[in-house]
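What follows is a short report on a single structure.
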Amino acid sequence: MNGANKFRLGVLGSGKGSNFVAIAEAITKGLVPAEIAVVISDVEAAGILEAARERNLNARFLAPGKFRTKLDEEAERTYVRELQAARVDLLVLAGFMRVLKGEFLRAFEGRIVNIHPSLLPAFPGLEAWKQALDHGVKVTGCTVHFVDAGVDSGPIIGQQPVPVRDDDTAESLHQRIQAAEHELYPRCVAAIAQGKVSVRGRTVVWRT
Ligand code: GAR
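As C-alpha cells, then:
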C-alpha cells in the first residue's frame, strides 16, 4: 500500500504519551498498517507532543478554551477542522483528559477509540488504578473501547487483565497496567486498520 492510501490515525493526548509511543513503534515494526497523520494536545508542554516531534510527525498544541473537563465550542471546531484537514480515518485517544461532546462525536462517529486503565465497566473516570486498589479487587487491567457520548462507556474492543498484588502501591499497579496498555492498544488499532473489527449493538466482533 503506498503512502497516499494508508489508514490515517489522528492521536489526541494530554500527558506523557507512552501509548502514542507504543503505537508509533508498532507502526515502525510493521505491526500496525497505518500512519500517524497528526498528533494534537490540549497541553502545550505535554510529553506526547515532544515524542511526536522527535519522530518528525505533525504535532500541534490546540488551546482547549475556557472549560476544565471539555473543549469549548470554538476549540471543538478547531480540533475537528485540523483532524479533517489531516484526513484522519481513526481518532485515537491516548490519555486525552477531556470528554468529547456532540459536534466532535458527530464528525467522527464510530471512528474514535480510547484506552482506559481498568476493566470497564469497573472504575470509569479518573485514576482508575487507585479506584481498583481502594476497592480491593484482585484483578484489574485496561480496556480499549469505541467512544460514545458517555464517560468510558462505549462498545469494548479489547481488554487485558492485570493481577493486583498484595503489596501493590498506586504507582506499581499503574506501571503494570500501562505495560498492558502498550500491548493492547497497538493490537486493537491494527485490527481496526485491517478492517477486522465490526460493531453489533454493544458487541464488537473480531474477524480473524
Ligand atoms: C493511560 O494510562 C490511559 O489509560 C489514561 O491516561 C494514561 C495516558 O498515559 N487514560 C484515562 O485515564 C482516560 N480515562 P500516556 O500519556 O503515557 O499514554
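According to our numbering, the stretch in the sequence shown is residues 143 to 350, in order. Ideal Cβ placement from N, Cα and C applies to all residues, glycine included.
Below 8 Å between beta carbons: does that hold for valine 241 and phenylalanine 288? Within the sequence shown, the letter at position 99 stands for residue 241. Within the sequence shown, the letter at position 146 stands for residue 288. The Cβ atoms of valine 241 and phenylalanine 288 lie no closer than 8 Å to each other.
Excluding the five sequence neighbours on either side, which residues of its own chain have a C-beta within less than 6 Å of the C-beta of serine 340, listed in chain order? The residue given as residue 340 occupies position 198 in the sequence shown. Answer for serine 340: Val347, listed in chain order.
Would you grab the beta carbon distance between glutamine 301 and glutamate 325 for me? Rounded to a whole angstrom, and I think it's under 8 Å. Locating residue 301 in the sequence shown gives position 159, where the first residue counts as 1. Locating residue 325 in the sequence shown gives position 183, where the first residue counts as 1. Wrong, their Cβ atoms sit about 12 Å apart, outside the cutoff.
How long is the line joining the alpha carbons of histidine 316 and alanine 236, rounded to whole angstroms? For the purposes of this step, residue 316 is taken as residue 174 along the sequence shown, with counting starting at 1. For the purposes of this step, residue 236 is taken as residue 94 along the sequence shown, with counting starting at 1. Distance from the CA of histidine 316 to the CA of alanine 236, rounded to the nearest whole angstrom, comes to 15 Å.
Ignore the nearest five residues each way along the sequence and tell me which others in alanine 291's own chain have a CB closer than 7 Å to its CB. For the purposes of this step, residue 291 is taken as the residue at position 149 of the sequence shown. Here the set comprises Leu247.
Considering only residues of the same chain and omitting the five flanking positions on each side of isoleucine 165, which have a CB-CB separation below 8 Å? Mapped onto the sequence shown, residue 165 falls at position 23. Answer for isoleucine 165: Leu151, Val153, Val174, Ile178, Val234, Ala236, Tyr327, Pro328 and Val331, listed in chain order.
Is the beta carbon of glutamate 218 sitting closer than 8 Å to the one on valine 180? Taking the first residue of the sequence shown as 1, we reach residue 218 at position 76. Taking the first residue of the sequence shown as 1, we reach residue 180 at position 38. Between glutamate 218 and valine 180, the C-beta spacing is not below 8 Å.
Rounded to whole angstroms, what is the Cα-Cα separation between valine 163 and alanine 249? Residue 163 sits at position 21 when you count from the first residue of the sequence shown. Residue 249 sits at position 107 when you count from the first residue of the sequence shown. Their backbone Cα atoms lie some 26 Å apart in a straight line.
Hey, how far is the Cα of glycine 172 from the Cα of glutamine 336? Against the sequence shown, residue 172 aligns to sequence position 30. Against the sequence shown, residue 336 aligns to sequence position 194. Each residue's Cα considered, the two are about 12 Å apart.
Backbone secondary structure at serine 314 - three-state DSSP: Position 172 of the sequence shown holds residue 314. Note: serine 314 maps to helix in three-state DSSP.
Thinking C-beta only, is proline 206 closer than 8 Å to leucine 199? Position 57 of the sequence shown, counting from 1, holds the residue named residue 199. Position 64 of the sequence shown, counting from 1, holds the residue named residue 206. No, these two residues do not count as a Cβ contact at 8 Å.
Uninterrupted alpha helix (DSSP H) stretches inside the segment 282-335 (no shorter than 4 residues): Whole alpha helix (DSSP H) segments, 4+ residues: 312-335.
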